[in-house]
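Participant: Input: one structure, supplied below.
Residue numbers (the numbering used here), protein chains in the order written: chain A, 7 to 376; chain B, 39 to 332.
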């Protein structure tokens, strides 16, 4: 178990600058998820923690020890790869024990550890098989077994679930989470799936084009995204982003949104110091679909609840919910209603806006306004 | 009824094409096997029968004397001890050459794909270039190098020449094979604590059977069949089989013993045939194993 400090890390391949100064701190026992679109540098960063890629500049410290000149084998880490990377010529048991064998563990200890790990992952009956004879989920377990058996300081996961089918992925996700809770291990996990990030992480680092966009708890990233990119990346369906102007009436602040065929909509804003300097200026209002509901299921404790009638363009029932789509500020807005809300497309219905959950962004810098 | 009458023409035309294809194939096969057949036939006839009969008549009196003579007592140049010594010369030359060039090619391929260094492309390009240098060009410089090393005219010298020439091809084979070998496996082994050679021995080599067989077949046939290097760098008693065969057949003293020549030629060709028959099967097996691997 150990903490990880990523200090101002850079990576370049020739003239291509892939990572541009990343700073991340991971505490002992944290589950850090690196998330972002493909090409954002998250896998590169993971490989640098593993020692598979060199650090161009900056430093990575595991448990207060610099990893700069250490080989992967000297870092006391274990990694689970996207393709599982099981050795095709070895049995499952050999695959799991290979790392111990390389570290000159005694035969008895290797046997004992392999057995206990395979019991924990329920793959005891597979030990004599070759990887080619296993299903995707079983290979995944073996790959995790190979990492667990070493009892390293840090576990690294590189998109471990992306090759599994949807149902299995959800099951394995839960298992990884359970495993983390049981072992209390420090984990760094790379994914492009924001749901995986939300469900697993104690800390999320969201990256784009080699730069860290935001580092925080899942709740912070979801509710206080630091910029438009984070707001749009986390959550599905994604956050509604609407052009608005800030208006002041009777000392209170409102977000003014244009509406088709009717008067402008004035949504009350919670008091934030930063908002005042944007009075009568354009901003981008971000509001998540679940913050726009039917009046019955609205959060009654919210101090800034506003109910407005809007024209429903389309309704999309998902079974659990009903997504109602309307138009505000010239953009489509998705609202998340109870499944049996009596709304019909083309008609007007009441929409409850929970403005406590709304965030504002500067349209030019795209940063959140506080 | 109507279905049957509809089907009949297509069935008969299918059969027609079948027959045509197989007839063509059989004729071609016979045509290609004819030289070997004539060689075999001639090698078990007596000289008298060869003079009297035509090429394709079966021997009246079967004899293995030509084979014995070719192996043990035929005159090659000035010595009359048969070709067996030269046969072993060839074996002594081929086995180490094939083994060394295959191992070096495998290690080169491993480095050029999994332990890349700046300029690895250039190194590979130059090695490829080496494959296409005609033999004749290197004869003189090579003989100087061999002389400098003091192994001119010996089997060791020939091994060096063939290894040098073989590395280009074996590197090409292994590099392309390992290029498709998942790098994640190498990374996993690095994290597991395996070093350069352990990764090679434990992870890559066990999965390399198909390409090893391909390389061995290629190198074995090339080196065994080589005449130019053998004639240039290993004269006299160190000459390989191919050179000895030439000397045997071209000996101008006495009668031309076609049956002995043919027997010697078959002996000279046997090892490469054997390698194809034996290793070819493993080659297919290796490919199959690769295809089932997930």
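Backbone N, C-alpha and C define an ideal beta-carbon position, used for all residues, glycine too. Because the structure is a prediction, the values reported are computed rather than measured.
1) Look at the alpha carbon of residue 53 of chain B and the alpha carbon of residue 102 of chain B, and state the distance between them as a whole number of angstroms.
2) So, are the CB atoms of residue 255 of chain B and residue 201 of chain B less than 8 Å apart?
3) Comparing the C-beta of residue 231 of chain B with each C-beta of chain A, is any distance below 8 Å?
4) Would you kindly report the start and end of the unbroken beta strand (DSSP E) that includes residue 323 of chain A?
5) From residue 373 of chain A to residue 291 of chain A, what does the alpha carbon distance come to, in whole angstroms?
6) Can you tell me which of the three DSSP states residue 62 of chain B falls into?
7) What are the start and end residues of the beta strand (DSSP E) that includes residue 188 of chain A?
8) Here's the rule: buried if 16 or more other CB atoms are within 10 angstroms of the residue's CB, otherwise exposed. What is residue 397 of chain A?
9) In three-state terms, what does DSSP make of residue 217 of chain A?
10) Just the chain B side, please: which residues come within less than 8 Å of residue 89 of chain A by C-beta, in chain order?
11) Do the stretch 252 to 272 of chain A and the stretch 328 to 335 of chain A meet, that is, are 3 or more Cβ pairs less than 8 Å apart?
12) DSSP three-state call for residue 89 of chain A: helix, strand or coil?
13) What is the DSSP secondary structure of residue 266 of chain A, reduced to helix, strand or coil?
14) Please name the residue in B:166, B:68, B:99 and B:250 whose C-alpha comes closest to that of residue 83 of chain B.
15) Once the 5 residues before and after residue 226 of chain B are set aside, which same chain residues still bring their CB inside 8 Å of it?
16) My parser needs the alpha helix (DSSP H) runs of 4 or more residues fully inside the stretch 163 to 228 of chain B; what are they?
17) DSSP three-state label for residue 317 of chain A, please.
18) Output the distance between the C-alpha atoms of residue 330 of chain B and residue 73 of chain A, rounded to the nearest integer angstrom.
19) Tell me, to the nearest whole angstrom, how far the beta carbon of residue 62 of chain B is from that of residue 146 of chain B; I am working on the premise that it is less than 8 Å.
20) Do the CB positions of residue 252 of chain A and residue 285 of chain A come within less than 8 Å of each other?
21) Residue 31 of chain A bridges to which residues according to DSSP?
22) When DSSP builds the beta bridges, which residues end up paired with residue 210 of chain A?
23) Answer with buried or exposed for residue 140 of chain B, where buried requires no fewer than 16 other C-beta atoms within 10 angstroms of its C-beta.
24) What is the DSSP secondary structure of residue 148 of chain A, reduced to helix, strand or coil?
25) Measure the Cβ-Cβ separation of residue 216 of chain A and residue 26 of chain A and say whether it is below 8 Å.
26) So, does the stretch 15 to 25 of chain A touch the stretch 160 to 180 of chain A, judging by three or more C-beta pairs under 8 Å?
27) Does the stretch 112 to 126 of chain B come into contact with the stretch 174 to 193 of chain B, if we say contact requires no fewer than three beta-carbon pairs (one atom in each stretch) closer than 8 Å?
28) Taking only beta-carbon atoms, is residue 190 of chain A less than 8 Å away from chain B?
29) Apart from the five residues just before and just after residue 8 of chain A, which ones in its own chain have a Cβ nearer than 7 Å to its Cβ?
30) Does the Cβ of residue 361 of chain A have 16 or more other Cβ atoms within 10 Å, making it buried, or fewer, making it exposed?
31) For residue 160 of chain B, count neighbouring C-beta atoms within 10 Å of its own C-beta (all shown protein chains included) and say buried if the count is 16 or more, exposed if not.
32) Going by DSSP in three states, residue 49 of chain B sits in which element: helix, strand or coil?
33) Starting from the C-beta of residue 292 of chain B, find all residues in its chain whose C-beta is less than 6 Å away, skip the five residues before and the five after it, and write them out in chain order.
34) What separation, rounded to the nearest whole angstrom, lies between the Cα atoms of residue 320 of chain B and residue 63 of chain A?
35) Of all Cβ atoms in chain A, is any one closer than 8 Å to the Cβ of residue 152 of chain B?
36) If you measure beta-carbon to beta-carbon, which residues of the stretch 90 to 110 of chain A are closer than 7 Å to chain B?
Facilitator: The relevant details are as follows:
1) 45 Å
2) no
3) yes
4) 320 to 323
5) 12 Å
6) helix
7) Premise fails: residue 188 of chain A lies in the alpha helix (DSSP H), 172 to 189, not in any beta strand (DSSP E).
8) No answer is possible for residue 397 of chain A: it lies beyond the span of chain A, which begins at 7 and ends at 376.
9) strand
10) 220 and 222
11) yes
12) coil
13) coil
14) B:99
15) none
16) 173 to 187 and 193 to 217
17) strand
18) Unreliable placement is indicated for residue 330 of chain B, whose pLDDT of 41 sits below 50; the coordinate value is still reported in the next sentence. Taking the straight line from one Cα to the other gives about 39 Å.
19) Between residue 146 of chain B and residue 62 of chain B the Cβ distance is about 44 Å, and since that is not below 8 Å, they are no contact.
20) yes
21) A:11
22) A:39 and A:222
23) buried
24) helix
25) yes
26) no
27) no
28) no
29) 34, 68, 69, 159, 160 and 192
30) buried
31) exposed
32) helix
33) none
34) 50 Å
35) no
36) 91, 93, 94, 95, 104, 105, 108 and 109
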